[in-house]
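S.K.: Going by my numbering, the sequence shown opens with residue 1376, and the numbers climb by one from there. Glycine included, each C-beta is placed from N, C-alpha and C at the ideal position. Below you will find the structure I want to go over with you.
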Amino acid sequence: VVSYMDEFAHPLNDLLMGDIFTEIRHDIQDIHASHRNVRLFVATHMHAGDGNVHTNIPVHSHNVQMLKKAESVVDEIMILATNLGGVISGEHGIGLTKYQYLSAEYKQEFVEYKAKVDPNNHFNKGKLMPGSGLNGAFTPSLHLVEQEALILESSEIGEINDMVKSCLRCGKCKGVCTTHVPEANLLYSPRDKIIGTNLISEAFLYEEQTRRGVSLNHFVELDDIADHCTICHRCAKPCPVDIDFGDVSIKMKSVLIKQDKRQTNLVSKASMAYLNTTQPWKIKLAKKLLIDYSYKAQNIASRLAAPFLNKKPDKTVGKPNVAIELLTLLDKPLPTDTGLKPMRELLGIHDNTSVPILSHPTKSNADSPSVFYFPGCGSERLYSQIGLATVALLYHQGVKVVLPPSYLCCGYPQRASGFEAKSVAISTDNRVLFHRMANTLNYLDIKHVLTSCGTCIDQLMTYELGDIFKDSRLTDIHEYLLEQDVTLKPTGEQYLYHAPCHDPIKSEESSNLISKIVNCEVISNDRCCGEAGTFAVARPDIAKQAKYRKELEIKKDLAMIKSSDKPIKMLTTCPACRQGLSRYQSATNIKPIYPIELIAEQQLGKKWHKDFIKSVNIEKVLL
């Protein structure tokens, strides 16, 4: 029979038409289905060029008759291979199934080799030894695979499995991964984290099917894997199958939070609470306690403890105890240049019922361009000077600058931390607010939405701002200023440039654009700074490893710069990166700064922010 359907099933169905033959037709279909389910086929794949052929015979391991028939097929294949002049090898795992076909000479050679390299029989105990066979082997049944598929479909672990299942384990991700630090461990490259994730999935499936209850330890291991990721997305670029472990890590955290199994320290929780709040008095208080006082205390403690701290990163497997975590928090001193009050407090714009519009009394007119500036938490609550430099430069160019009516977070930190529902809620609330603003300010032709933060721009790209502010462009402040020919006059200073993992500059290679805006060539400094938002306080032990690699990279690039009496500065375009880079200042003597801060100082004077705060003209439009 060439075709069962054409030569048998269809003619028989035509012959047995009518309700009276319904049961007979169903019986025939069932018989065919049962035979097809146990039908044996031999799949072959081979190594091109060396004549090495692998044969695979899928079986249901619970079906004894099928197994026996498969064994007889194997016998025939082996006889055919040897009759054709081939040889039988026991290459890696498949040697277990071909042991009985190997020559006695090969078997004895392996026994002698194994006795030398593994005299205590630690590895693969009993495998490929006299008396070994398939009796002790566990082979998953295809029926079991079907059950696993059902479990995966109905559980969120299945979504994680779908995200990583195409991994080829090629290792191209290792070189760019922030948490792959060979000096500390070899366990946390994306490839190895995917292998670990697969093992956890297997354990989860086994326990689900055996009704033993899922071990809580699996959640601890999954939490550890999720922690070892800065969400930098660097691994996505070299991956041949487009796996982004940053997205996988976010999904893991989300699953753990839903199961109430996510473990975070007190500092991390306080940081997230600070980002979530929008009430001015709470932000003012939290800024004093969490940033101003805490940073100064850590800075002093770090410098005092420096002689006693281990410079090289420690190994991390699982979460450290409290003592080690506190000690690691002192690894590098936090900055002390975050003492400015939040930007909105400095500008006196606390009324969330109105939209502030900054317009120069003489340089702005009815035809002046209008932009909406979204400062974000980093440029408004952490480094106010970044937000002030942005609005001051725009203001003095005669641009009308529209600000949000209140403190707003874009929602990215929440998403990256696994708080998916909170992130969606923040984004939705912001979009509704922006629609209200667009309707209220429809007399202004807002064609640019500006940011000064990479993570903000990544999150705002999901807002569909072009539909809110009609045909507007989402742009980084540096790109916009370069388009307006606002640049830094040559100063003779030398610059390293740290491109953030979430690079806000999208139009061209960011180092090229920064070179244009500062009018000199900058040296691009690779590797993640290790701060990654709240990552450095959530897992300081892992951050220490990332910072170790970054410090080596900074020192390597410094060695390439010719000595000069002019200071060397580190440029960046991310507030969190600026904080992270400032922690290397004690070791490298390089100050991190935003290019727009340099331009503001050059064009508006050394006391530019004080002068700007005193003279700025702010209109308020009722929402």
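Taking 8 Å as the threshold (C-beta atoms), are L1768 and I1971 in contact?
M.R.: Along the sequence shown, one-based indexing puts residue 1971 at 596. Along the sequence shown, one-based indexing puts residue 1768 at 393. Yes. Within cutoff.
S.K.: If F1594 and K1636 are in contact, beta carbons under 8 Å, what's the gap, nearest whole angstrom?
M.R.: For the purposes of this step, residue 1594 is taken as the residue at position 219 of the sequence shown. For the purposes of this step, residue 1636 is taken as the residue at position 261 of the sequence shown. Correct: roughly 4 Å between the Cβ atoms.
S.K.: If you drop the 5 nearest sequence neighbours on each side, which residues of the same chain put their C-beta closer than 7 Å to that of E1994?
M.R.: In the sequence shown, residue 1994 corresponds to position 619, counting from 1. Excluding five sequence positions before and after E1994, the CB atoms of its chain that fall closer than 7 Å to its own CB belong to I1732, S1734, given in chain order.
S.K.: Tell me the DSSP bridge mates of F1747?
M.R.: Taking the sequence shown and counting its residues from 1, one reaches residue 1747 at position 372. For F1747, which the question treats as bridged, DSSP gives the partners V1777, V1824.
S.K.: For V1376 and F1383, I'd like the C-alpha separation in whole angstroms.
M.R.: Walking along the sequence shown from the start, residue 1376 turns up at place 1. Walking along the sequence shown from the start, residue 1383 turns up at place 8. The pLDDT assigned to V1376 is 49, lower than 50, so where the model puts this residue is not dependable; a value taken from the coordinates is nonetheless given after this. Between V1376 and F1383, the C-alpha separation is close to 8 Å.
S.K.: Tell me which same chain residues have a C-beta within less than 8 Å of the C-beta of K1864, skipping the five on either side of it?
M.R.: In the sequence shown, residue 1864 corresponds to position 489, counting from 1. Residues N1894, Q1977 of the same chain have their beta carbon placed closer than 8 Å to that of K1864, with the five preceding and five following residues left out of the count.
S.K.: Rounded to a whole number of angstroms, what is the C-alpha to C-alpha distance between D1381 and H1420?
M.R.: Position 6 of the sequence shown holds residue 1381. Position 45 of the sequence shown holds residue 1420. Those two C-alpha atoms are separated by around 30 Å.
S.K.: Once the 5 residues before and after P1386 are set aside, which same chain residues still bring their CB inside 6 Å of it?
M.R.: Against the sequence shown, residue 1386 aligns to sequence position 11. Excluding sequence neighbours, P1386 sits near nothing in its chain.
S.K.: At what residue ranges does the region 1572-1632 contain a whole run of the beta strand (DSSP E), taking only runs of 3 or more?
M.R.: none
S.K.: Give every residue of the same chain whose Cβ lies closer than 6 Å to the Cβ of G1786, excluding the five residues on either side of it in the sequence, and list them in chain order.
M.R.: The count along the sequence shown starts at 1 and reaches residue 1786 at position 411. Cβ within range, chain order: S1798, I1801, S1802, Q1834.
S.K.: Please state if the CB of L1849 and the CB of Y1748 are separated by a distance shorter than 8 Å.
M.R.: In the sequence shown, the residue the question calls residue 1748 occupies position 373. In the sequence shown, the residue the question calls residue 1849 occupies position 474. Cβ atoms of Y1748 and L1849: not closer than 8 Å.
S.K.: Express the C-alpha separation of Q1475 and N1458 in angstroms, rounding to a whole number.
M.R.: Counting from one through the sequence shown, the residue named residue 1458 turns up at place 83. Counting from one through the sequence shown, the residue named residue 1475 turns up at place 100. The alpha-carbon atoms of N1458 and Q1475 are separated by roughly 17 Å.
S.K.: Can you confirm whether the region 1638-1649 touches the region 1561-1576 when touching is taken to mean that 3 or more C-beta pairs between the two stretches lie within less than 8 Å?
M.R.: no
S.K.: Does P1942 pass the burial test, meaning 16 or more other C-beta atoms within 10 Å, or should it be called exposed?
M.R.: Indexing the sequence shown from 1 puts residue 1942 at position 567. P1942 is classed as exposed because its beta carbon has fewer than 16 other beta carbons within 10 Å across all chains shown.
S.K.: For the ligand NAP, is there any heavy atom lying closer than 7 Å to the beta carbon of Q1584?
M.R.: This structure simply doesn't include the ligand NAP, nor any ligand for that matter.
S.K.: Which residues bound the alpha helix (DSSP H) around D1919?
M.R.: The count along the sequence shown starts at 1 and reaches residue 1919 at position 544. Here the sequence assigns Lys to residue 1919, which means Asp is not the residue at that position. Annotation: the continuous alpha helix (DSSP H) that includes K1919 extends over 1915-1933.
S.K.: Name, in chain order, the residues that DSSP records as bridge partners for E1972.
M.R.: Reading the sequence shown from its first residue, position 597 is the one you call residue 1972. Bridge partners of E1972: none, in fact.
S.K.: Report yes if the CB atom of C1784 is closer than 8 Å to the CB atom of N1651, and no otherwise.
M.R.: Residue mapping note: residue 1784 aligns to position 409 of the sequence shown, counting from 1. Residue mapping note: residue 1651 aligns to position 276 of the sequence shown, counting from 1. A contact, by the Cβ cut-off of 8 Å.
S.K.: In chain order, what residues of the same chain have a beta carbon less than 7 Å from the beta carbon of E1854, not counting five sequence neighbours either side?
M.R.: Position 479 of the sequence shown, counted from the first residue, corresponds to residue 1854. I1880, S1882, L1888.
S.K.: Could you give the distance in angstroms between the alpha-carbon of A1619 and the alpha-carbon of E1484?
M.R.: Translated into positions along the sequence shown, residue 1619 becomes position 244. Translated into positions along the sequence shown, residue 1484 becomes position 109. The sequence as given places Asp at residue 1619; Ala does not occur at that position. C-alpha separation (whole angstroms): 45 Å.
S.K.: Please state the DSSP three-state secondary structure of H1873.
M.R.: Against the sequence shown, residue 1873 aligns to sequence position 498. DSSP, reduced to helix, strand and coil, places H1873 within a strand of the structure shown.
S.K.: In the DSSP output, which residue or residues are listed as bridge partners for T1735?
M.R.: As a position in the sequence shown, residue 1735 is number 360, starting the count at 1. The sequence given here places His at residue 1735; Thr does not occur at that position. Partner(s): none; H1735 has no beta bridge.
S.K.: Pick helix, strand or coil for A1418, following the three-state DSSP scheme.
M.R.: Taking the first residue of the sequence shown as position 1, residue 1418 is located at position 43. Strand.
S.K.: Anyone know if the C-beta pair for V1556 and Y1959 falls short of 8 Å?
M.R.: Within the sequence shown, residue 1556 is the residue found at index 181, counting from 1. Within the sequence shown, residue 1959 is the residue found at index 584, counting from 1. Not closer than 8 Å, so no.
S.K.: Would you mind working out which of E1755, L1998, A1921, S1624 sits nearest C1828, comparing C-alpha positions?
M.R.: For the purposes of this step, residue 1828 is taken as residue 453 along the sequence shown, with counting starting at 1. Of E1755, L1998, A1921, S1624, the residue nearest in Cα terms is E1755.
S.K.: Going by the DSSP bridge assignment, what does M1945 pair with across the sheet?
M.R.: For the purposes of this step, residue 1945 is taken as the residue at position 570 of the sequence shown. Beta-bridge pairing links M1945 to L1871, P1967.
S.K.: Since T1703 and K1925 are thought to touch, with beta carbons under 8 Å apart, how far apart are those beta carbons, to the nearest angstrom?
M.R.: Taking the first residue of the sequence shown as position 1, residue 1703 is located at position 328. Taking the first residue of the sequence shown as position 1, residue 1925 is located at position 550. Between K1925 and T1703 the Cβ distance is about 16 Å, and since that is not below 8 Å, they are no contact.
S.K.: Classify V1861 as helix, strand or coil using the three-state DSSP reduction.
M.R.: Here residue 1861 is taken as the residue at index 486 of the sequence shown, counted from 1. In the three-state scheme derived from DSSP, where H, G and I count as helix and E and B as strand, V1861 is classed as coil.
S.K.: Going by beta carbon distance, what residues of the same chain come within less than 7 Å of V1996, once the five residues before and after it are set aside?
M.R.: Counting from 1 along the sequence shown, the entry for residue 1996 is found at position 621. Cβ within range, chain order: S1729, V1730, I1732, T1815, L1816.
S.K.: Taking the C-alpha atoms as reference points, what is the distance between I1892 and V1861?
M.R.: Position 517 of the sequence shown, counted from the first residue, corresponds to residue 1892. Position 486 of the sequence shown, counted from the first residue, corresponds to residue 1861. Going from the Cα of I1892 to the Cα of V1861 covers about 8 Å.
S.K.: For H1771, does the three-state DSSP call read helix, strand or coil?
M.R.: To locate residue 1771, count along the sequence shown from 1; it is residue 396. DSSP, read as helix, strand or coil, puts H1771 in helix.
S.K.: Measuring only the C-alpha atoms, how far is S1564 from I1936?
M.R.: Mapped onto the sequence shown, residue 1564 falls at position 189. Mapped onto the sequence shown, residue 1936 falls at position 561. Distance between the alpha carbons of S1564 and I1936: 32 Å.
S.K.: Let me make sure I understand the geometry here. Which of C1876, C1949, Y1969, I1968 has the alpha-carbon closest to that of K1612?
M.R.: Residue 1612 sits at position 237 when you count from the first residue of the sequence shown. Closest option to K1612, Cα to Cα, is C1876.
S.K.: Might you give, ordered along the chain, the residues of its own chain that have their beta carbon closer than 6 Å to the beta carbon of K1626, omitting 5 neighbours on each side?
M.R.: Mapped onto the sequence shown, residue 1626 falls at position 251. Excluding positions up to five away in sequence, the list reads I1535.
S.K.: Identify the residues that DSSP records as bridge partners of K1995: which are they?
M.R.: Within the sequence shown, numbered from 1, the residue matching residue 1995 stands at position 620. Looking at the DSSP assignment, K1995 forms a beta bridge with P1731.
S.K.: Can you find the residues in the same chain that come closer than 6 Å, C-beta to C-beta, to R1790, ignoring five residues on each side of it along the sequence?
M.R.: Taking the first residue of the sequence shown as 1, we reach residue 1790 at position 415. Excluding residues within five positions, the ones whose Cβ falls inside 6 Å are S1798.
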